[in-house]
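Number of protein chains: 2
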Amino acid sequence: INTGTMIPLFLSATVLLILCMTSSANGGNILVWYAEASHWINLKPVLETLIDRGHQVTVLIPSVSMFMKTNEPSRFRYEPFNASFSLEAMETFMDKVFQFSMYEMDQMSYLQIYIKFMDMMKTNMKFSLGYLDGVLKSDTTMKKLKEGNYDLLLADPIYPGSDLTAEILGIPLIFSLRFSIANNWERLCGQLPAPPSFVPAAMSKLTDKMNFSERVWNFVFYILQDIVLDNVFWKELDKYYSEVKGESTLLQYTADIWLMRTYWDFDFPRPFLPNFKFVGGIHCRLAKPLPEVGAFVQSSGNDGIVVFTLGSMIKNITTERANMIASALSQIPQKVLWRYRGEKPKTLGANTRIFDWIPQNDLLGHPKTRAFITHGGTNGIYEAIYHGVPMVGIPMFVDQPDNMVHMKSKGAAVIVDFNSMKTEDLRDAVNTVINEKSYKENAMRLSSMHRDRPMSARDEAVFWIEFTMRNKGAKHLRVQAHELTWYQYHSLDVLGFVITVVLLLILLSIKTCKYCFRMCCNRKRKTKAE
Amino acid sequence: INTGTMIPLFLSATVLLILCMTSSANGGNILVWYAEASHWINLKPVLETLIDRGHQVTVLIPSVSMFMKTNEPSRFRYEPFNASFSLEAMETFMDKVFQFSMYEMDQMSYLQIYIKFMDMMKTNMKFSLGYLDGVLKSDTTMKKLKEGNYDLLLADPIYPGSDLTAEILGIPLIFSLRFSIANNWERLCGQLPAPPSFVPAAMSKLTDKMNFSERVWNFVFYILQDIVLDNVFWKELDKYYSEVKGESTLLQYTADIWLMRTYWDFDFPRPFLPNFKFVGGIHCRLAKPLPEVGAFVQSSGNDGIVVFTLGSMIKNITTERANMIASALSQIPQKVLWRYRGEKPKTLGANTRIFDWIPQNDLLGHPKTRAFITHGGTNGIYEAIYHGVPMVGIPMFVDQPDNMVHMKSKGAAVIVDFNSMKTEDLRDAVNTVINEKSYKENAMRLSSMHRDRPMSARDEAVFWIEFTMRNKGAKHLRVQAHELTWYQYHSLDVLGFVITVVLLLILLSIKTCKYCFRMCCNRKRKTKAE
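Taken in sequence, the protein lines are chains D and C.
For the first sequence, the residue numbers in full-length UniProt numbering are 1 to 530.
For the second sequence, the residue numbers in full-length UniProt numbering are 1 to 530.
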């Protein structure tokens, strides 16, 4: 049985299936919640496919955005709304986040990190609510949305407010997300089971194989993150929603379908529910030819090339770090394509070329590509998985350290630390993933896992979006656990009752035995006495 | 968005997909474990599809079987083995089981039922081990199997021994099953999460909506069934396996992929795992024309027909019950097709015709069919779901009462009791599901749910069977929970540790406070004394 011949045929069959589906999909009217950065990058291919299939896609777009631009040519309809803060305020905050995550955190105590983190989460929440003002508290926007007669709202829940908007519009809601802090929303709102004994909490840097102390840490981490989220997210949002609705509201924050942007090639196998669909790698596609950088890539000869980017968020790093990195890269035999917008480092080798932007997916799919140096964003990792390229991770923040731990534990990556790494660390790491065969083999294994499923990630996402429109929701996939309290869910009330009954029965039988025994003794005594 | 036009197009696309898949599947060599009755009926269509796709299918077939016959024309290769008991012994036992389930159980106390049930389970286990003697303890059979160079073993785990056989042959294993008692194997061997608060235990007759006392009963039921299974199944099988392997063995009883024969049209939504695939309705297919019974069906006019069968296991019922049923059926305006092998009842109406065998799926798919009277077997129910036919359930044993509770709770069926029902009960039940519109509507809703999924059940089953052969197992879908003990899984050790630490900290701070307080007091006293 040959996987090689299987996959292309399967793909073409899938295309046929899609063509058939296209002809049958009567255009739906889809509203898309605003999103930023990788979240927006990840939504786009699904929206493009939905438009190809005859649906109308309208995207809510804020007046202040670092990534969403209405002036770019696009097939989406845009519904603009006002954010109650300036782009400068947003950018200053993001710079602070980067500074903290990349440089300051390493020099801080746990307590300091915690205080700073809470502070940043609170500011972030203020921005989120600033966006919401322009939607939920704007009569103009809400009137337009109501008149839009949408069939569905598609949203990344990291940008809050979509659930209340869907409720007010009376339409089904689909979440698309990578993860929430400690899987808090998935667990507490989506009822996704997450036993801390083998499901590592988000941002814990743990794998599914944990020893006792790691399991203790994971357990505590879940609780700590729940407390953080309760304080900086739930309380604020409950208050805001209550204000909008004019009545006290406790958030549900749940959706008809949860499109999770991972799969078992990337994530550790875990329990899930019928309305959770794992569609990691939505944006992956076959590589296209590379006219712009073709000559440079070809000049690499047998040594091949290394692709290096720190993602769409990081534009600049300190001169010292840039020089160190450039120096390390100059010591490897491969040609390096580095996406970097800062000043050209002095130590830049002849083998390294800096680009403002690189066609990342097409480069990773090029047969000459030997390794990918990455900050560990989900989108980039998925492109590397898709094309079977081993990785060197320089993770920065949020899910990136976790993501790289996943790739390392699956044997497809080496991790180096951005702040503490020296020239030789980075150089050795790149040489290791290129020269030790196991890294390439494991990357190819992940690639095979990624492709060997009944439907591509994008087709599956599109199927469930259309499914939810067809059925006006997805009620029959919703577990009854939503109607239970936490102690009912864990059967604690039942357990308490059963234990009480058992104890009472034991007590009763002891009392009865004692009584019988006493009666017997009395009779014997009486008999003796007679 | 129109579901009506969507479904046929989707089906044709699926056929295209299958054709594409066919050309790419290099023939695998599949071994199939023996099975009986509905278990065998359900496996057949998958095996047929596998043969269509170029695989070789070899079925282990015992010398003693009520359903598997080597002399029927078939495209399967057969591998016969000897069972160490006679067909008569088997048939006598099955008759006893039917007698108990259909007539005797109603007159027994819970304790009597329990004792009788345990006794029957033990006898059943003896038969199972009697079959196993012909495989695992037969050098001839094991030699042939080893020489067969199989790529995969496909088995219904209700017939034990397949796991050890797969282990000895060193090949991957796929389970296909409806359920095990209290989901014992799925939970304890497959690590499938089953919170008793909303996942009803098998054979509990409960739904996913339970009040407090039902949750208590469900909780206790899980424990009781685990105890039963531990005594009649695990201990016996552990002993047998240890004997075969020549070393003490604790059963794993798990597989690479679990093909569960339900879906959310039939079952209640519940948590599951990446290697559990829900493929209920594998055998469903479009109805074919009905030359044999066509005239009788057509003669029903606008009233239409009712299809009635008690399944492949029940061949006979008492004259009294048969007369009662015939009398009830004679009072409805529909024509009735009754599959029955007993003596012709005296009260049989002109509208009812008895058949030795009926083309059940084709009849249920006929546009004149108004209702299905069924014993509640999974296969029959799935055919009714597929064709959107409301049901009257007369459940007998094992999963049948549960199955009918599912259909009733979804509003597509009425249940009557075989022993206590009177003529008017059955008549009214049939009239209700035919005349009250909601039953037909709900049946059609289930039919739509059943068909509206990315892939048909059979295609999905075939995909995962081929997937497992391609990948020589399905390791990356296996949760790490398999490596944990039950108290580790539930984090009880972690919880104990955390509580101890917290208590110690509290104790320490109290002691410290007390000490400080005493020191202060002492100093004050001293100060005063001075």
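Backbone N, C-alpha and C fix where the C-beta goes; we use that ideal spot for every residue, glycine too.
Here the structure is a predicted model, which is why all the values come from computation and not from measurement.
Problem - LEU495 (chain D) in three-state terms, based on DSSP - result: If you number the first sequence from 1, residue 495 (chain D) lands on position 495. Note: LEU495 (chain D) maps to helix in three-state DSSP.
Handout entry: Simplified DSSP state of LEU50 (chain C), which is helix, strand or coil
Key = Here the question's residue 50 (chain C) lines up with position 50 in the second sequence. Reduced to three states, the DSSP call for LEU50 (chain C) is helix.
Practice task
Run down chain B in chain order and give the residues with a C-beta less than 7 Å from the C-beta of TRP264 (chain C).
Solution key: Absent from the structure is chain B; the protein chains it does hold are D and C.
Handout entry: Opening and closing residue of the beta strand (DSSP E) in which ALA413 (chain D) lies
Key = The residue labelled residue 413 (chain D) in the question sits at position 413 within the first sequence. First-last of the beta strand (DSSP E) with ALA413 (chain D): 413–415.
Handout entry: Collapsed DSSP secondary structure at TRP258 (chain D) in the structure displayed
Key = Mapped onto the first sequence, residue 258 (chain D) falls at position 258. The answer is strand: DSSP assigns TRP258 (chain D) an E or B state.
Handout entry: Alpha-carbon to alpha-carbon, SER128 (chain D) and TRP234 (chain D)
Key = Walking along the first sequence from the start, residue 234 (chain D) turns up at place 234. Walking along the first sequence from the start, residue 128 (chain D) turns up at place 128. Each residue's Cα considered, the two are about 13 Å apart.
Exercise for the section: Check whether the Cβ of LEU11 (chain D) lies closer than 7 Å to any Cβ atom in chain C. Expected result: Your numbering for residue 11 (chain D) matches position 11 in the first sequence. The predicted position of LEU11 (chain D) is uncertain, since its pLDDT is 48 and thus under 50; no value can be drawn from it.
Exercise for the section: Pull up the distance between the alpha-carbon of ILE51 (chain D) and that of ASP265 (chain C), whole angstroms please. Expected result: Here residue 51 (chain D) is taken as the residue at index 51 of the first sequence, counted from 1. Here residue 265 (chain C) is taken as the residue at index 265 of the second sequence, counted from 1. One C-alpha to the other measures close to 30 Å.
Exercise for the section: Give a yes or no on whether 7 Å exceeds the smallest Cβ distance from MET449 (chain C) to chain D. Expected result: Against the second sequence, residue 449 (chain C) aligns to sequence position 449. Yes, MET449 (chain C) lies at the interface with chain D (some Cβ there is under 7 Å from its Cβ).
Handout entry: Chain-ordered neighbours of residue 560 (chain D) on chain C, where CB pairs are closer than 8 Å
Key = Residue numbering for chain D in the displayed model covers 1 to 530; residue 560 (chain D) lies beyond these limits and cannot be assessed.
Exercise for the section: Write down the C-beta distance between ARG178 (chain C) and ASP459 (chain C) rounded to the nearest angstrom, noting that I regard them as a contact closer than 8 Å. Expected result: For the purposes of this step, residue 178 (chain C) is taken as residue 178 along the second sequence, with counting starting at 1. For the purposes of this step, residue 459 (chain C) is taken as residue 459 along the second sequence, with counting starting at 1. Contact flag wrong, Cβ pair sits at about 20 Å.
Practice task
Would you mind reading off the limits of the beta strand (DSSP E) that contains LEU60 (chain D)?
Solution key: Your numbering for residue 60 (chain D) matches position 60 in the first sequence. Start and end: 56–62.
Exercise for the section: Could you check the C-alpha separation between ALA255 (chain C) and ASN183 (chain D) for me, to the nearest Å? Expected result: Here residue 255 (chain C) is taken as the residue at index 255 of the second sequence, counted from 1. Here residue 183 (chain D) is taken as the residue at index 183 of the first sequence, counted from 1. Whole-angstrom Cα-Cα distance: 29 Å.
Handout entry: Three-way DSSP call (helix, strand, coil) for GLY388 (chain D) in this model
Key = Residue mapping note: residue 388 (chain D) aligns to position 388 of the first sequence, counting from 1. Three-state result, GLY388 (chain D): coil.
Practice task
Assign SER248 (chain D) to buried or exposed, taking buried as 16 or more other Cβ atoms, counted over all protein chains shown, within 10 Å of its Cβ.
Solution key: Translated into positions along the first sequence, residue 248 (chain D) becomes position 248. It is exposed - the Cβ of SER248 (chain D) has fewer than 16 other Cβ atoms within 10 Å.
Handout entry: Cβ-based contacts, 7 Å cut-off: residues of the segment 154–184 of chain D near chain C
Key = none
Practice task
Determine which residues share a DSSP beta bridge with VAL307 (chain C) and list them.
Solution key: If you number the second sequence from 1, residue 307 (chain C) lands on position 307. According to DSSP, which records beta bridges pairwise, VAL307 (chain C) is partnered with C:LEU337, C:PHE372.
Practice task
Using only alpha-carbon positions, find the residue among D:TRP258, D:PRO195, D:TRP185 that is nearest to ILE227 (chain D).
Solution key: The residue labelled residue 227 (chain D) in the question sits at position 227 within the first sequence. Closest by alpha carbon: D:TRP185.
Practice task
To the nearest angstrom, report how far apart SER84 (chain C) and LEU132 (chain C) are at their CA atoms.
Solution key: As a first step, residue 84 (chain C) must be located in the second sequence, where it is residue number 84. As a first step, residue 132 (chain C) must be located in the second sequence, where it is residue number 132. Going by the C-alpha atoms only, they are around 9 Å apart.
Exercise for the section: Please confirm if PHE355 (chain D) has its CB atom under 7 Å from at least one CB of chain C. Expected result: As a first step, residue 355 (chain D) is located in the first sequence; it is residue number 355 there, counting from the start. By this cut-off, PHE355 (chain D) is not an interface position.
Problem - Limits of the unbroken alpha helix (DSSP H) element including ALA322 (chain D) - result: Against the first sequence, residue 322 (chain D) aligns to sequence position 322. Looking at the DSSP string, the run of the alpha helix (DSSP H) that includes ALA322 (chain D) is 319–330.
Practice task
Locate the alpha helix (DSSP H) running through GLU466 (chain C), then write down its first and last residues.
Solution key: Within the second sequence, numbered from 1, the residue matching residue 466 (chain C) stands at position 466. Note, GLU466 (chain C): alpha helix (DSSP H), 457–470.
Problem - Local conformation of PHE272 (chain D) per DSSP, three classes - result: Taking the first sequence and counting its residues from 1, one reaches residue 272 (chain D) at position 272. Strand at PHE272 (chain D).
Practice task
Mind listing the chain D neighbours of MET407 (chain C)? Cutoff is C-beta to C-beta under 9 Å, in chain order.
Solution key: Translated into positions along the second sequence, residue 407 (chain C) becomes position 407. In chain order: nothing, as chain D lies at least about 14 Å away.
Practice task
Give me the Cα-Cα distance between THR374 (chain C) and SER138 (chain C), rounded to the nearest whole angstrom.
Solution key: The residue you call residue 374 (chain C) lines up with position 374 of the second sequence. The residue you call residue 138 (chain C) lines up with position 138 of the second sequence. Approximately 41 Å, taken between the alpha carbons.
Problem - Three-way DSSP call (helix, strand, coil) for ILE168 (chain C) in this model - result: Residue mapping note: residue 168 (chain C) aligns to position 168 of the second sequence, counting from 1. In this structure, ILE168 (chain C) counts as helix in the three-state DSSP scheme.
Problem - Own chain residues within Cβ distance below 7 Å of PRO359 (chain C), not counting five before or after - result: Here residue 359 (chain C) refers to the residue found at position 359 of the second sequence. Once the five neighbours on either side are set aside, the close Cβ partners of PRO359 (chain C) are LEU290.
Practice task
Scan the segment 106–156 of chain C and note each continuous alpha helix (DSSP H) run of 4 residues or more that stays entirely inside, going in chain order.
Solution key: 110–133, 139–147
Exercise for the section: Report the rounded CA-to-CA distance for ARG341 (chain D) versus THR318 (chain D), giving the unit in angstroms. Expected result: For the purposes of this step, residue 341 (chain D) is taken as the residue at position 341 of the first sequence. For the purposes of this step, residue 318 (chain D) is taken as the residue at position 318 of the first sequence. Cα-Cα distance, rounded: 12 Å.
Handout entry: Where LEU177 (chain C) falls: helix, strand or coil (DSSP)
Key = Locating residue 177 (chain C) in the second sequence gives position 177, counting from the first residue. Correct three-state label for LEU177 (chain C): strand.
Exercise for the section: Could you check if PHE517 (chain C) is buried or exposed, using at least 16 other CB atoms within 10 Å of its CB as the buried criterion? Expected result: The sequence position of residue 517 (chain C) within the second sequence is 517, counting from 1. When all chains shown are included, PHE517 (chain C) counts as exposed.
Problem - Rounded C-alpha distance that separates ALA481 (chain D) from MET391 (chain C) - result: By one-based count along the first sequence, residue 481 (chain D) stands at place 481. By one-based count along the second sequence, residue 391 (chain C) stands at place 391. ALA481 (chain D) and MET391 (chain C): Cα-Cα distance of roughly 28 Å.
Exercise for the section: Determine the direct distance from the alpha carbon of GLY393 (chain D) to that of PHE308 (chain D), and round the result to whole angstroms. Expected result: Residue mapping note: residue 308 (chain D) aligns to position 308 of the first sequence, counting from 1. Residue mapping note: residue 393 (chain D) aligns to position 393 of the first sequence, counting from 1. Computed Cα separation, rounded: 10 Å.
Problem - Burial state of ASP119 (chain D), where buried means 16 or more other Cβ atoms lie within 10 Å - result: On the first sequence, residue 119 (chain D) is found 119 positions in, with the first residue counted as 1. ASP119 (chain D) comes out exposed.
Problem - Sub-7 Å separation of GLU222 (chain D) and PRO195 (chain D) beta-carbons - result: Position 222 of the first sequence, counting from 1, holds the residue named residue 222 (chain D). Position 195 of the first sequence, counting from 1, holds the residue named residue 195 (chain D). At residue 222 (chain D) the sequence reads Tyr, which differs from the Glu that was named. Not closer than 7 Å, so no.
Exercise for the section: Starting from GLU79 (chain C), trace the alpha helix (DSSP H) both ways and give me its first and last residue. Expected result: In the second sequence, the residue the question calls residue 79 (chain C) occupies position 79. Segment 77–81 is the beta strand (DSSP E) holding GLU79 (chain C); no alpha helix (DSSP H) there.
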